[in-house]
Amino acid sequence: MKELDDLKYNCSRRHFLSASSLGLGVAGLASLLDPALLIGEAKGAQEVGAAAGAGAAPGPGSPLLAAPHFPPRVRRIIYLFQSGGPSQLDLFDHKPLLQTMNGQELPASVRMGQRLTGMTAFQKSLPMAGSQFAFAQHGRSGAWVSELMPHTAGIVDELCFVKALYTEAINHDPAITFFQTGSQQAGRPSMGAWLSYGLGSENENLPAFIVLLSRAREGDQPLYSWLWGSGFLPSQHQGVQFRRGKDPVLYLNDPEGLGRVSRRRMLDTLRAMEEQQHARVLDPEIDARIAQYEMAYRMQTAVPSAMDLSDEPDEVFDLYGPEARTPGTYAANCLLARRLAERNVRFIQLYHQGWDQHGDLPKDIRTMAQSVDRPSAGLVLDLKRRGLLDDTLVIWGGEFGRTNYSQGKLTKDNYGRDHHPRCFTVWMAGGGVKRGFSFGETDELGYNIARDPVHVHDFQATLLYMLGVDHERLLFKHQGRRYRLTDVHGHIVKDLLA
Amino acid sequence: LTELWPFVGRFHPLLVHFPIGILLLAALLEALAWRRARRRDPSAVDETLASPTGRGGAVTLMLALGAGAAAASATTGYLLGTSGGYGGDTFTRHQAAGFIVAFAACAAAAASLARDRWSSALWRRLYLVSLSVTVVALVLAGHLGATLTHGEGYLTEHAPRPLRALLARVGLGGPAVAAAPALDQALVYGSLVEPVLRARCVACHGAAKAEGELRLDSADGLRKGGQSGPLFTPGRADRSEIVRRLWLPASDPDVMPPAGQRPLSPVEASVVRWWIDRGASFDQKVIDAELMPEVRPAIEAVFGPIERGGPTLPRVTLGAPDRSALAALTASGVSVVPVAAGTPFLHVHATNARLTFDDAAVKRLEPIAAHVLWLDLSDTRVTDRASAQPHASASGAHRDHRRRACAARAARASGVPEPVWNGGHRCRPRVAGRAEEPAHALRVEDGDHTGGRREAESVLAAPRSRARATEAGDEGGGSGSTDVAVRVGPLRGGESTRESATTRPSPRARSPSPRWDRSRSGTPCRLRPRPRRRGLSWTDHKLMIIGRAPGPPSELLGFTRRNVNGSGARGSGSPESGQAGAAGRATPRTRGRPWPNRRTLPRRRAQVRLPGPRRQEGGREPRFRNGP
Chain Z
1 MKELDDLKYN
11 CSRRHFLSAS
21 SLGLGVAGLA
31 SLLDPALLIG
41 EAKGAQEVGA
51 AAGAGAAPGP
61 GSPLLAAPHF
71 PPRVRRIIYL
81 FQSGGPSQLD
91 LFDHKPLLQT
101 MNGQELPASV
111 RMGQRLTGMT
121 AFQKSLPMAG
131 SQFAFAQHGR
141 SGAWVSELMP
151 HTAGIVDELC
161 FVKALYTEAI
171 NHDPAITFFQ
181 TGSQQAGRPS
191 MGAWLSYGLG
201 SENENLPAFI
211 VLLSRAREGD
221 QPLYSWLWGS
231 GFLPSQHQGV
241 QFRRGKDPVL
251 YLNDPEGLGR
261 VSRRRMLDTL
271 RAMEEQQHAR
281 VLDPEIDARI
291 AQYEMAYRMQ
301 TAVPSAMDLS
311 DEPDEVFDLY
321 GPEARTPGTY
331 AANCLLARRL
341 AERNVRFIQL
351 YHQGWDQHGD
361 LPKDIRTMAQ
371 SVDRPSAGLV
381 LDLKRRGLLD
391 DTLVIWGGEF
401 GRTNYSQGKL
411 TKDNYGRDHH
421 PRCFTVWMAG
431 GGVKRGFSFG
441 ETDELGYNIA
451 RDPVHVHDFQ
461 ATLLYMLGVD
471 HERLLFKHQG
481 RRYRLTDVHG
491 HIVKDLLA
Chain X
499 LTELWPFVGR
509 FHPLLVHFPI
519 GILLLAALLE
529 ALAWRRARRR
539 DPSAVDETLA
549 SPTGRGGAVT
559 LMLALGAGAA
569 AASATTGYLL
579 GTSGGYGGDT
589 FTRHQAAGFI
599 VAFAACAAAA
609 ASLARDRWSS
619 ALWRRLYLVS
629 LSVTVVALVL
639 AGHLGATLTH
649 GEGYLTEHAP
659 RPLRALLARV
669 GLGGPAVAAA
679 PALDQALVYG
689 SLVEPVLRAR
699 CVACHGAAKA
709 EGELRLDSAD
719 GLRKGGQSGP
729 LFTPGRADRS
739 EIVRRLWLPA
749 SDPDVMPPAG
759 QRPLSPVEAS
769 VVRWWIDRGA
779 SFDQKVIDAE
789 LMPEVRPAIE
799 AVFGPIERGG
809 PTLPRVTLGA
819 PDRSALAALT
829 ASGVSVVPVA
839 AGTPFLHVHA
849 TNARLTFDDA
859 AVKRLEPIAA
869 HVLWLDLSDT
879 RVTDRASAQP
889 HASASGAHRD
899 HRRRACAARA
909 ARASGVPEPV
919 WNGGHRCRPR
929 VAGRAEEPAH
939 ALRVEDGDHT
949 GGRREAESVL
959 AAPRSRARAT
969 EAGDEGGGSG
979 STDVAVRVGP
989 LRGGESTRES
999 ATTRPSPRAR
1009 SPSPRWDRSR
1019 SGTPCRLRPR
1029 PRRRGLSWTD
1039 HKLMIIGRAP
1049 GPPSELLGFT
1059 RRNVNGSGAR
1069 GSGSPESGQA
1079 GAAGRATPRT
1089 RGRPWPNRRT
1099 LPRRRAQVRL
1109 PGPRRQEGGR
1119 EPRFRNGP
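Residue numbers (this note's numbering), protein chains in the order written: chain Z, 1 to 498; chain X, 499 to 1126.
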C-alpha cells in the first residue's frame, strides 16, 4: 500500500504551483484583456470547438484534440499489414536487368558493404536472382505488376505505389515495431493508439483501433501484442483484437444467467467505487479502466452485429473471394474491415502473416499472393462502390523488402530472398493520395534507392497528416520528455497527396 | 611569334584598368583647375589651360602615361579579339571605342605637350576636343567591355525597378524585366531554363562571346551545340554534355562555369537537368511538366508558392454557430466537431444516432447549416421526404449546380483571397458512371471550357434561381424552408442489399451525381493552376457537399448520403427511372438490422454516483503521471 499512498503525492504542492502558475497567470491576463473569455461569450472559431465539444463532456474517453490540426483528407485507415516482408521484386518492382543478370554475383559496388543479416552475411556467394514471375503493365497508369497479383493488377489505377520506402531495422520484430510505433524497441504506443488518443473514436460503441489477425501458412514469424499496444498512453487506447469464432473479443460476453440490467448495475457500482479510489490516488489508469469497462459494455451489442457476415449477399463474397466465408482468413478480415469502416472505426489494422520467404520462394509466395490478392483488391473495389474510398485510406505493405540476391542456392526454379530494409514497396489507395501513381524508384538491380526515398517516419508523418494530425504536435509527456510517433523525425511526403 | 598573340592578348583585362584610372584622373584634375580658375577670374580661363608649369605638367605626364596604357590595352585587346570566340555588335563597338580611346588619348597628350610649349589657341582647342573624346569613348569602351565579361544587363540587374524600367525604355540597361508570365501560359524553357542560361552562361556563350563556338542565347544555338559536340540528348540528362560539365567537380578543367567562378546553385543546375530529362522541349508548358521536388524552389521563385493538394478551406467570415442548436444536436447523439482547428466549419455525423436521426431531426441542422462543411448521414433514418430531390428529374443535376453556383458566389462575395496554386490535379466535374449523361458542370473553374463557364455564369446571374430551386425541389414538404439535397443511393442493410443482390452492381454504377473527378491526376504529377473556383474548395476526399448560402443560413444545405451497393439495381437515383424512384422514396426505408446506439441503451453519463469523495467535476485526469 505504500506505493499507492505515494501516488497521492503525485501532485505535490510544489508540482501544483510550478505547473499551474503560468496557467493561472495567463488566465488572469486573458480575462483582463477580454472579460468575455471568463464568462464564456467567446466568439469565433475557438468557440466552435468548445461549443461542439460541449455535448460530450471531457471525460476519460474524450480525445486530446478538440479538432484536427488540418482539414483531414481521410477519416479512417485500413492498414493491410503483410507481416514477414513480401518480396517487392516478385510482386511490384519490375527489374528486367536483374532477370538478365540472373545468377551473376551481386556487384560490390552495388552492395557497398552494407549490412546483411546473419543468415546471408557468411554466404560464400550472393547470386542475383531475377524474379521468375512474368510482369506486365496494367491500367492507364501502366503500373508493372507480376502475374502473382492478377486482381491487384486490375485496380492499379486506384493505387498509389510507394516504391522506395526504407527502414532501419533488418529483422522482423524490430522492423514491425518500428513501423507501428516509430521505435525499434517495444514499448511505445502504436500508430492506432496515437490516433485513438489524439482523435478519439467516432463511433462510441466501438474502439477507435481494432486489430484483425490472419495467416496463410503455418510456421512463420510470430506477432506480439505490443504492436497494437498503447505504450505509455492511457490504456484504453490500445488496439482491440477481434478474433475469429464465437468470442471475437475475449471475455466480452456476459456469463450465462447475467442479464444486461444486472451488468449495468454492477458496472455503475464498480464505477462509483473506482471513482472513490481515483479521488484518493489520482491514478490515470483508473480512468482508463472505467473507460474500458464502459466501452466493453457498449461493445457487447455492437461487436456481434459487426462481426456477423450473414447479412452479406453472395456477390460480396464473390468480390472478396470464397475464402471470405471462412472466419479468420485474410479475406474474411478484409470484409470485416469494410464493415468496421462503415461503422466509422478510425484505425483498422490487419496483420497477415507468412511473407518470410527465405527459401522456396516461388512456391510459398504463390500461396501468399493467392491469399491476399483477391481480398485486397476486392476491399478497394467494395469501398469504392460504396463511396467509402473517398474518405478511407487503404495501405498494403510489409515491414521491409527482400534482397535481390538469393539466399541459399539459386537453382533454375528455386531461390530464396533475405530481409532487405533498403527498399521496398507499399501501396495505398483511397482518399487523399494520388491514384494511378508511383512514387520513388529503386536502382536497376533493385538493391538501393535511386530516387525519392521515403523513410518509415516520413510515411508515418504522412499518414497522420492525412487524418488531419500534425505529427509534431501529437505529443505525450512521459518520463520527463515529450514523445511522439515519429520521435524527432518525419517529413510529410506531399508528393503522394492528391 | 603569332602563337604568342593569344598569350599577350590575355593581358588585356589586366591593362585596361590603367588607362581608365589615369585618363579619367587627368580629366578630373583639368576640370577642377578650370573651375577654380573661373571662380577666381573668369576672363583668365583660357590662360589656365595653357599654364605651362605645375599642374599642367602633371596633367601632361598623366596623359602621356594614360595614352601609353590605352595604346597597350588596345593592342592587347585586338590580339585577344583575334584569338577567337568573340563577335557580335557589343564586341565590335567595344573594339571601336577602344581604338578611339587610344588615338584620342595620344592626341590629347600631344596637344597638352604642345600647349605647354607654344600656348596657342589652336592647341588649346585641339586639347579640349581630344580630351573630351577620350573621356566619352573611355566610358563607353569600359562599359561595353564589362558587358562582354559579365553579360548583358549586369550593371542594372539589381537597379531599383523604376530605374530599370526607365533604362529599358531608353533602350539601355539590358533586356527589360518581363513580368512573371501567367502560369498556364508559361513555358518551361522560357520561364525557367532560359533565365538560368542568360544569367549564368550567356556572358561567355552568347552573341558577344561564343566560347567553344557555343551559343546558349537561342534555341538554335542550344540545338547546335559547340566544339565538344551536341549539348544534350533530349530525355537523357545523364548523357548530356551540359549536365556533365555542370556536375563536374570544381577541380576538373572542364567544369562549367570555369574554376574560380561561382558554380550554378543546385536548383539552377537541377532546372537544366530536369528540362533535359523531360525531353528538352522549347515549347512545353510548365503546367504540363512533371514536377520534381528539386526544381520546386525555382518554380516557386517565379510563380509564387505552390500549394500541392493541401485541402484548403474557404476563408469566409462566419459567426459562431448557434449554441443552443449545437447543444440540441449533440444531446440527440449527433456528433459535431470542427473540421479543423481554426476554421468555423463543422463536420457533422450521425454515427452515434443512426436509429434516431430521422426526417424531423434534419430540421435541427437548419440553424447551423451555414457552418456545416461535411455532413454524413449514412445509415440513418433520413428519407428523401426530408429533402429536395435533385436527381428526381433530368434537370435535377442542374439544380445541384445552381446550388454550387450559389455557394461559389457566396464565397466570392465574402472576399476570399486570391486562390493559390494547387498543383497535382485538375478538378473536373463529371457525372460518374453515366457516359450518356451530359457532363454539365459548374465550370467556373476551368477557363478552357467556355461553354460550361457561360452556363455557370448565367446561373450565377439569375437573381432568384434559388427560389425556383426550392420550389421545385421541395416536393416532399418534410421541411419547408430547408433546401436539402440528398443524393440518393441504395441504402445499407438487409433488405435493400438483398434486393440488389441479384444483379451484381458495377463499381461505377452510382447515382448520377456530378463528382469532381480526380482520376486525371495520373502518373506524372501535373501542375495545374488552381481552379478559379474562388474560395470554395472541395476538399480532396469530397466527403460531403459544401453548402453555403448567400441568404439565410438554412437556405442552402447540401449533403450526400453514402451509397452502399451501387445504384443500378434500385434505380432510385437515376433520371430515367424517376417515377419508380419517387414511388420508392415515398415509403420510409427500413434500415436493415437495428444498430445499437446510445439512445437505445442506458445513457452513459447517467450513472449512479455514490456519495463520497469524488474527483473534481468535469476535470480531465491530471496528466502528470510521475512524481514531481
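Using N, Cα and C, we set each Cβ at its ideal position, and we do this for glycine too.
CB contact flag (residue i, residue j, <8 angstroms)
i: L165 (chain Z); j: V394 (chain Z); result: no
i: A129 (chain Z); j: N404 (chain Z); result: yes
i: V596 (chain X); j: G575 (chain X); result: Correcting the residue identity first, residue 596 (chain X) is Gly in this sequence and not Val. Cβ atoms of G596 (chain X) and G575 (chain X): closer than 8 angstroms.
i: G84 (chain Z); j: Q353 (chain Z); result: yes
i: M560 (chain X); j: L530 (chain X); result: no
i: S125 (chain Z); j: L361 (chain Z); result: no
i: V686 (chain X); j: Q782 (chain X); result: yes
i: L270 (chain Z); j: Y293 (chain Z); result: yes
i: A778 (chain X); j: F730 (chain X); result: yes
i: L213 (chain Z); j: Q241 (chain Z); result: yes
i: V433 (chain Z); j: F179 (chain Z); result: no
i: P304 (chain Z); j: G245 (chain Z); result: no
i: E399 (chain Z); j: T100 (chain Z); result: no
i: Q73 (chain Z); j: V345 (chain Z); result: For the record, residue 73 (chain Z) in the displayed sequence is Arg; it is not Gln. Not in contact: R73 (chain Z) and V345 (chain Z) (Cβ atoms no closer than 8 angstroms).
i: T392 (chain Z); j: A341 (chain Z); result: yes
i: L464 (chain Z); j: L474 (chain Z); result: yes
For residue j and residue i, the rounded distance between their alpha carbons
i: A67 (chain Z); j: S830 (chain X); result: 20 angstroms
i: Q300 (chain Z); j: A839 (chain X); result: 34 angstroms
i: G468 (chain Z); j: N205 (chain Z); result: 23 angstroms
i: E285 (chain Z); j: F801 (chain X); result: 54 angstroms
i: P836 (chain X); j: P842 (chain X); result: 7 angstroms
i: P751 (chain X); j: P504 (chain X); result: 19 angstroms
i: A663 (chain X); j: R533 (chain X); result: 35 angstroms
i: G922 (chain X); j: L642 (chain X); result: Low confidence applies here, because G922 (chain X) scores a pLDDT of 25, under 50, leaving its location unreliable; read the following figure in that light. Near 46 angstroms, if we compare the C-alpha coordinates of L642 (chain X) and G922 (chain X).
i: S822 (chain X); j: P322 (chain Z); result: 51 angstroms
i: Q184 (chain Z); j: A757 (chain X); result: 47 angstroms
i: S571 (chain X); j: I598 (chain X); result: 12 angstroms
i: S201 (chain Z); j: M295 (chain Z); result: 11 angstroms
i: K1040 (chain X); j: I449 (chain Z); result: Confidence at K1040 (chain X) is low in this model, with a pLDDT of 29, below 50, so its placement is unreliable and the value that follows should be read with caution. If I take the Cα positions, the gap works out to 34 angstroms.
i: P234 (chain Z); j: Q479 (chain Z); result: 14 angstroms
i: S190 (chain Z); j: C334 (chain Z); result: 21 angstroms
i: L252 (chain Z); j: V880 (chain X); result: 32 angstroms
One or two residues paired with residue i in a DSSP bridge
i: S214 (chain Z); result: Z:H352
i: A143 (chain Z); result: Z:H138
i: L80 (chain Z); result: Z:L350, Z:W396
i: Q241 (chain Z); result: Z:V211
i: G724 (chain X); result: X:G727
i: G579 (chain X); result: Answer by DSSP bridge pairing: none, since G579 (chain X) is not bridged.
i: C160 (chain Z); result: Z:M428, Z:F437
i: W872 (chain X); result: X:H845
i: A186 (chain Z); result: Z:R188
i: K783 (chain X); result: X:L685
Rounded Cβ spacing between residue i and residue j (contact assumed at less than 8 angstroms)
i: E444 (chain Z); j: L97 (chain Z); result: 4 angstroms
i: G490 (chain Z); j: D458 (chain Z); result: 6 angstroms
i: R796 (chain X); j: V765 (chain X); result: In the sequence on display, residue 796 (chain X) carries Ala and not Arg. Confirmed, Cβ separation roughly 5 angstroms.
i: R710 (chain X); j: S726 (chain X); result: Arg is not the amino acid found at residue 710 (chain X); the sequence shown has Gly there. G710 (chain X) to S726 (chain X), Cβ: 7 angstroms. Contact.
Counting beta carbon pairs with one atom in the region 376 to 392 of chain Z and one in the region 151 to 160 of chain Z, are three or more of them shorter than 8 angstroms?
yes
May I ask you to verify whether the region 606 to 622 of chain X touches the region 580 to 589 of chain X, counting CB pairs closer than 8 angstroms and requiring at least 3?
Contact between the region 606 to 622 of chain X and the region 580 to 589 of chain X is absent: fewer than three C-beta pairs spanning the two stretches fall below 8 angstroms.
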